[in-house]
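To start, the structure under review is shown below, and the notes come after it.
In my numbering, the protein residues as written are 358 to 775.
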């Protein structure tokens, strides 16, 4: 007889309702991002189940790739609870069916983004733990990784000039202010002074080599058991590393302006960053001793030639130079079309009138009903004839005589226009 698949007494699932977590701008100016969702608890036992607690927490996990002791898990991984929610704090009986527990929090703008660099990695995990009251059921754990990105608003370019004293060359490079991973960006170069008049020679460009370098610095901490190796608890080992994450070269594609008096070379090309990882943005976190920044290196290979008289041929002088330029590059995730939660405004409706539309009273060409008429009612007055003039009897008014001879008038209705 085939075994019967027994359904578990309860199940957990997580639904994130908020948009992707993206921190816009610098850490000191970013307003942060909102995380919200639902934790679904499905009880399959018809009798229900008694639970002691249901707890959800957002954990930051930092893993060191070069720990103080390679075999120690506490030295290699460090966990910090950023936010926790006690969805059920006391013993409760949960009936059969699906139950939803909402949660939300604001991720601070100075929170380090998810990254995976040469020295360490930073990740964020949503962990849920359900503890049943009965020992017959074991606690249920659920974990889901959450990605937190940082996006810098780009779109502008900057121009830098480099002067090479050993030659007569002056190079102007135009690069974007922000570089996005797994994309491409435009590089514009202009080299002036290719004609060396004192030496009667010219400089020719042979090759353009570019590379994007990643500079990482991290303090690898030690756990309490291995703290004496680094001088005490709370201290660590400083590790630095520089690696090339993207590289390429151009052997043609530039223009030579021979009509210019001093000589000029112009170049425009696209540099691809497809080899750059998705989580390789710049990170500066002094609390954990992590610093990741990038620099763009451009090398120009030029050779010196002497033109021949009455000939287009040139003679190599044997002199060659590698002109190296280095620029600070900001690497960030693409912002896309998203905006910060602080800049979101509620929708506005322009086609909805302020008041309800008017309605006609009937079909006899009556004017539209704008508003009901207002009536002013006069207070009923008593008209007393001469015979009904009040009189006094023994110093008191004769009320019966007044009522018998009084005449009531009908109230008059006055329409007041609005």
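We put the CB at the ideal spot given by N, CA and C, even for glycine.
These numbers come from a predicted model, not from an experiment.
Coil, strand or helix - residue i by DSSP
i           : result
residue 584 : helix
residue 376 : coil
residue 681 : strand
residue 429 : coil
residue 371 : strand
residue 484 : strand
residue 526 : coil
residue 699 : helix
residue 739 : Note on residue 739: pLDDT 48, under 50, position unreliable in the model; the coordinate value appears next. If DSSP states are grouped into helix, strand and coil, residue 739 belongs with the strands.
residue 537 : coil
residue 459 : strand
residue 542 : strand
residue 687 : strand
residue 593 : strand
residue 386 : coil
residue 521 : coil
residue 504 : coil
residue 569 : strand
residue 675 : strand
residue 827 : Since the displayed the chain opens at 358 and closes at 775, residue 827 lies outside it and no answer follows.
residue 365 : coil
residue 602 : strand
residue 574 : strand
residue 492 : coil
residue 563 : strand
residue 726 : Here residue 726 scores only 48 on pLDDT, less than 50, and its place in the model is too uncertain to base an answer on.
residue 552 : strand
residue 473 : strand
residue 479 : strand
residue 510 : coil
residue 664 : strand
residue 516 : strand
For residue j and residue i, believed in contact at Cβ under 8 angstroms, the rounded distance
i           : j           : result
residue 496 : residue 406 : Actually they do not touch by this definition, with Cβ atoms about 12 angstroms apart.
residue 690 : residue 379 : 7 angstroms
residue 620 : residue 550 : 7 angstroms
residue 523 : residue 678 : 7 angstroms
residue 432 : residue 583 : 6 angstroms
residue 466 : residue 377 : Their Cβ separation, rounded to whole angstroms, is 16 angstroms, which puts residue 466 and residue 377 out of contact at 8 angstroms.
residue 651 : residue 570 : 7 angstroms
residue 692 : residue 458 : Going by Cβ atoms, the distance from residue 692 to residue 458 rounds to 32 angstroms, so no, they are not a contact pair.
residue 394 : residue 374 : 5 angstroms
residue 390 : residue 464 : 5 angstroms
residue 340 : residue 452 : Outside the displayed span of the chain (358 to 775) sits residue 340, for which this structure offers no information.
residue 575 : residue 476 : 4 angstroms
residue 587 : residue 425 : 6 angstroms
residue 423 : residue 486 : That pair is no contact at about 32 angstroms.
residue 655 : residue 567 : 5 angstroms
residue 536 : residue 515 : Contact flag wrong, Cβ pair sits at about 12 angstroms.
Residue i versus the options, residue with shortest Cα-Cα distance
i           : options            : result
residue 520 : 686, 565, 681      : 681
residue 420 : 383, 688, 429      : 429
residue 392 : 517, 400, 414      : 414
residue 512 : 425, 687, 700      : 687
residue 500 : 591, 408, 590, 396 : 396
residue 653 : 622, 411, 663, 605 : 605
residue 659 : 612, 565, 639      : 565
residue 369 : 383, 448, 456, 404 : 456
residue 637 : 559, 373, 572      : 572
residue 664 : 645, 560, 634, 596 : 560
residue 589 : 438, 580, 469      : 580
residue 610 : 517, 562, 575      : 562
residue 508 : 498, 486, 529, 472 : 472
residue 460 : 674, 528, 447, 484 : 484
residue 527 : 437, 673, 518      : 518
residue 647 : 597, 448, 661      : 597
Residue i Cβ short of 7 angstroms to the ligand ZN heavy atom set
i           : result
residue 566 : As far as ligands go, the structure on display features none, and thus does not contain the ligand ZN.
Practice prompt. Tell me the start and end of each unbroken beta strand (DSSP E) in the region 605-660 that is at least 3 residues and wholly inside, in chain order.
Written response: 612-614, 621-629, 640-642
Worksheet entry | the region 500-507 touching the region 474-490, judged by at least three CB pairs closer than 8 angstroms | Touching, per the Cβ criterion.
Practice prompt. Assess, as a yes-or-no matter, whether the region 440-454 is touched by the region 596-604 under the definition of 3 or more beta carbon pairs within less than 8 angstroms.
Written response: No, they do not touch.
Worksheet item: Quick one: any contact between the region 609-625 and the region 542-553, if contact means 3 or more CB pairs under 8 angstroms?
Response: These segments touch.
Item to complete: Could you tell me which uninterrupted alpha helix (DSSP H) segments, each at least 4 residues in length, are contained entirely in the region 388-457, listed from first to last along the chain?
Response: Counting whole runs of 4 or more residues, the region 388-457 contains the alpha helix (DSSP H) stretches 430-433.
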